[in-house]
Amino acid sequence: MDLAQAVERSGDPFPETAATYTVQGFPAEQGQNGAGLEGMGCRVDVDVADGQTLEVFYTPTIAGSVPNQDMCAKAKQAAEFAVTNLQAQG
Numbered sequence: 105m106d107l108a109q110a111v112e113r114s115g116d117p118f119p120e121t122a123a124t125y126t127v128q129g130f131p132a133e134q135g136q137n138g139a140g141l142e143g144m145g146c147r148v149d150v151d152v153a154d155g156q157t158l159e160v161f162y163t164p165t166i167a168g169s170v171p172n173q174d175m176c177a178k179a180k181q182a183a184e185f186a187v188t189n190l191q192a193q194g
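Residue numbers for the sequence shown follow this note's numbering, beginning at 105 and rising by one.
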């Protein structure tokens, strides 16, 4: 699944935390589910290769216990860590 398909599958994101950036040089999309579900977690999809997307999802133990921006920062940090490890494996 490529990045566009992964993002489309996730539905309309919560606008306050939706973002596009790069992770270790790879295109990435960040989002939370909208429609009042944003407190359940934050997702980062990273386009790591043709047709391959790494998806990281951070979810707190108790929904709503972690601020939205913090959840997304943790998801981004985990995505950066995972991509670094993938690159180290060659």
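All C-beta atoms, glycine included, are put in the ideal place defined by N, C-alpha and C.
Given the structure is predicted, the values throughout are model-derived calculations rather than measurements.
Around the C-beta of Leu107, 16 or more other C-beta atoms lie within 10 Å, and the residue is accordingly described as buried.
Between the alpha carbons of Asp154 and Val127 lies a gap of roughly 16 Å. For Leu107, the three-state secondary structure derived from DSSP is helix. Partner residues in the beta bridge of Thr124, as assigned by DSSP, are Glu133.
Under the three-state reduction of DSSP, Thr165 is assigned to coil, being neither helix nor strand.
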